[in-house]
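Working notes for the structure below.
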Amino acid sequence: MSERHRNEDFAHDQPMTDDQRLESFLDGTMNEQDRAEFIEAQKGRPEFDIHMEHQTRIDESLRRMFSFADASNEHVAEVTRKLAQRPLAEVRRSTISMPIAILAFAASVAFVGISIWWYFGFGADRPVDPFFQPTQLVSLYDDAVRRGFKPYYECKDDDRFAEVFANRQGVPLVLEDLPEGIRMLGLSYPGGLSRETTAMLCIVDGEQAMVFVDRLSADQPEFAQVGPAREKIFIHRTVKHDLVFYEVSHFDTSRIVKHMVPAKR
Amino acid sequence: MLNPNDSDRAEIASDGSAAEFAAHYRDAYKKLTCIAAGVLGHFEDAEDMVQQAVSIALDKGERFQTGSHFVAWLCTAVRHCALNHRRKMTGRKTVAADPVVMSTMLDESSRGQPLERVTQGKGELLPDQQSFDDRVIRALQTLTPDSRSCLLLRIVENMSYVDIAALMQIPEGTAMSHVHRGKKKLRELLHPSRERQGGEA
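Read top to bottom, the protein sequences are chains H and Z.
Residue 102 in the numbering used here sits at position 102 of the first sequence; the count goes up by one each step and never skips.
Heads up, the numbering used here is the position in the second sequence plus 1000, with the first residue counted as 1.
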């Protein structure tokens, strides 16, 4: 690419003005073809010759006045010696400059101050999530039994039932018609895997059983363990549509979860 | 032509290649002087300005950034130094005379040779004092420091716009605009018709 085409004044898609063409010619940045065409076009125009002669005179004057001597040996030696005494590469490895260090320190102090203010001042009014700790599902089952195995919410409406799971687990659940011997008492929210774990209390063949439901992302199998001291307690794990189900009962097979079906919203 | 590996110059120098650095600095010296002259608007103090600026820059070497153009870095130092000098001189009411010139005048005067008058009785310059070079210098004062520097680098040092842009740390198009507009303005101010009319540049 010629220098002429890089000139922002002479955008390639815009035709050059006569002035720009003249400057480009006088500056020697025209390519050969443009130069020949320009000279041809200037034939018979005396002002062009005047421009040429005039510019040449100015250029000669500038070269005459500003033709500087070479650097003296003494000066070059002095500069070289200075550089050797204080190598730039070494200096560049030095620590952060003082202004930057001051700025960094000021920024750190400001950050700490704002953090304290936010935490104890502005942040003091913010809602704080209650403390939550996962609990062994077997313990929750035992607690429920000890308290009479009464649900928090006796749900008798299929839509309301589905809505509870939709709100808490993000997926509505439909409870199919239960076979004889299985009865759903209601729902509880005892925690367990997460704060949102939903539990369903059932009676299966006269025995108390619970199903804990939560998002699969909240699954913590280590809290679904049965200790060696416990007898006749089983936990069955099932996964359906990003939901995890833990059925806790005295039965060695899952009896309830297969009747809980995720529905489309 | 500037060396594309100028950014390595500091490392070369620090590694002990003093001769290589010296050669490179000699190449750059005239360009730096042109820039100083461009900022100052005249050539008298340009060389002193370069030597002073380079000395200061090397004393404060920590401001040199890794990967940057070493000569361009020196160029920046020269420009700043020359601008400071120009501001100082602009604020002064008098200008110090060159001691060499003063002593020469004194010697000639002591030898009984009458000093030549440079002005007529009414104060205007004699015809032979109105040289074209003086008019060029006066016309140069109407340009900006950057325009003068680019113009001198192009005309006196015959540098390409790529190199001028690298040295001055400005876009190539800007460097070219400075030169073209500067040339045009000088031609207008120094037009023969104005010369005949005795017009001031």
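Note that beta-carbon positions come from the ideal geometry of N, C-alpha and C, so glycine has one too.
Amino acids of chain Z, ordered along the chain, whose beta-carbon sits closer than 7 Å to that of residue i
i                     : result
residue 38 of chain H : Simply none; closest approach about 15 Å.
residue 55 of chain H : 1183 and 1187
Three-state secondary structure assigned by DSSP to residue i
i                       : result
residue 198 of chain H  : strand
residue 1143 of chain Z : coil
residue 281 of chain H  : Here chain H covers residues 1 to 265 and nothing more, so residue 281 of chain H does not appear.
residue 188 of chain H  : strand
residue 153 of chain H  : strand
residue 1133 of chain Z : helix
residue 1076 of chain Z : helix
residue 91 of chain H   : Per-residue confidence for residue 91 of chain H stands at a pLDDT of 41, beneath the threshold of 50, marking its modelled position as unreliable; no derived number is given.
residue 134 of chain H  : coil
residue 1012 of chain Z : Residue placement at residue 1012 of chain Z is poorly supported in this model, since its pLDDT is 45, which falls under 50; the coordinates still yield a value, given next. Three-state result, residue 1012 of chain Z: helix.
residue 1157 of chain Z : coil
residue 36 of chain H   : helix
residue 1085 of chain Z : helix
residue 1171 of chain Z : coil
residue 165 of chain H  : helix
residue 61 of chain H   : helix
residue 80 of chain H   : helix
residue 226 of chain H  : coil
residue 1176 of chain Z : helix
residue 1152 of chain Z : helix
residue 1024 of chain Z : helix
residue 15 of chain H   : coil
residue 66 of chain H   : coil
residue 1181 of chain Z : helix
Test: residue i CB closer than 7 Å to a CB of chain Z
i                      : result
residue 61 of chain H  : yes
residue 103 of chain H : no
residue 25 of chain H  : no
residue 223 of chain H : no
residue 65 of chain H  : yes
residue 58 of chain H  : yes
residue 71 of chain H  : yes
residue 76 of chain H  : yes
residue 96 of chain H  : Bear in mind that the predicted position of residue 96 of chain H carries a pLDDT of just 49, short of 50, making it unreliable; the figure below should be weighed with that in mind. Closer than 7 Å: no.
Beta-bridge pairing of residue i - partner residues as DSSP gives them
i                      : result
residue 247 of chain H : H:211 and H:236
residue 183 of chain H : H:203
residue 262 of chain H : H:173
9 Å Cβ cut-off: residues of chain H touching residue i
i                       : result
residue 1164 of chain Z : Simply none; closest approach about 10 Å.
residue 1040 of chain Z : The contacting residues do not exist; residue 1040 of chain Z stays about 11 Å from chain H at best.
residue 1152 of chain Z : 62 and 66
Chain H contact for residue i (CB, 7 Å cutoff)
i                       : result
residue 1085 of chain Z : no
residue 1032 of chain Z : no
residue 1178 of chain Z : no
residue 1056 of chain Z : no
residue 1189 of chain Z : no
residue 1186 of chain Z : yes
residue 1170 of chain Z : no
residue 1048 of chain Z : no
residue 1141 of chain Z : no
residue 1136 of chain Z : yes
residue 1026 of chain Z : yes
residue 1051 of chain Z : yes
residue 1156 of chain Z : yes
residue 1003 of chain Z : Low per-residue confidence applies at residue 1003 of chain Z: pLDDT is 48, beneath 50, and the placement is therefore not dependable enough to give any value.
Where residue i meets chain H, residues with beta-carbon distance less than 7 Å
i                      : result
residue 963 of chain Z : Look at the range of chain Z in this structure, 1001 to 1201, and you will see that residue 963 of chain Z is not part of it.
Chain-ordered neighbours of residue i on chain H, where CB pairs are closer than 8 Å
i                       : result
residue 1133 of chain Z : 61, 64 and 65
residue 1145 of chain Z : Result: empty, since nearest Cβ-Cβ is about 14 Å, beyond 8 Å.
Residue i CB to nearest heavy atom of the ligand MN below 6 Å
i                      : result
residue 168 of chain H : The ligand MN is not part of this structure, which contains no ligands at all.
Per-residue contacts from residue i into chain Z (C-beta, under 8 Å)
i                     : result
residue 51 of chain H : 1187
Are the region 45-57 of chain H and the region 1170-1178 of chain Z touching by the rule of at least three beta carbon pairs closer than 8 Å? With the rule of 3 Cβ pairs closer than 8 Å, the region 45-57 of chain H does not count as touching the region 1170-1178 of chain Z.
For the region 188-204 of chain H and the region 163-170 of chain H, state whether three or more C-beta atom pairs, one from each stretch, are separated by less than 8 Å. Flag = yes, the region 188-204 of chain H and the region 163-170 of chain H touch.
Is the region 177-190 of chain H in contact with the region 217-226 of chain H, if contact means three or more CB pairs nearer than 8 Å? No contact exists between the region 177-190 of chain H and the region 217-226 of chain H.
Touch test, the region 102-112 of chain H against the region 149-164 of chain H, Cβ-Cβ under 8 Å, three pairs minimum: With the cut-off at 8 Å, the region 102-112 of chain H and the region 149-164 of chain H do not touch.
With a cut-off of 8 Å, do at least 3 Cβ pairs link the region 1019-1032 of chain Z to the region 1069-1087 of chain Z? Segment contact: the region 1019-1032 of chain Z against the region 1069-1087 of chain Z, three or more CB-CB distances shorter than 8 Å; contact assigned.
Whether or not the region 1130-1149 of chain Z and the region 1033-1052 of chain Z are in contact is what I'm after, with contact meaning three or more pairs of Cβ atoms, one per stretch, closer than 8 Å; do they touch? Yes, the region 1033-1052 of chain Z is in contact with the region 1130-1149 of chain Z.
Between the region 1151-1170 of chain Z and the region 30-42 of chain H, can you find at least three pairs of beta-carbon atoms closer than 8 Å? Short answer: they don't touch.
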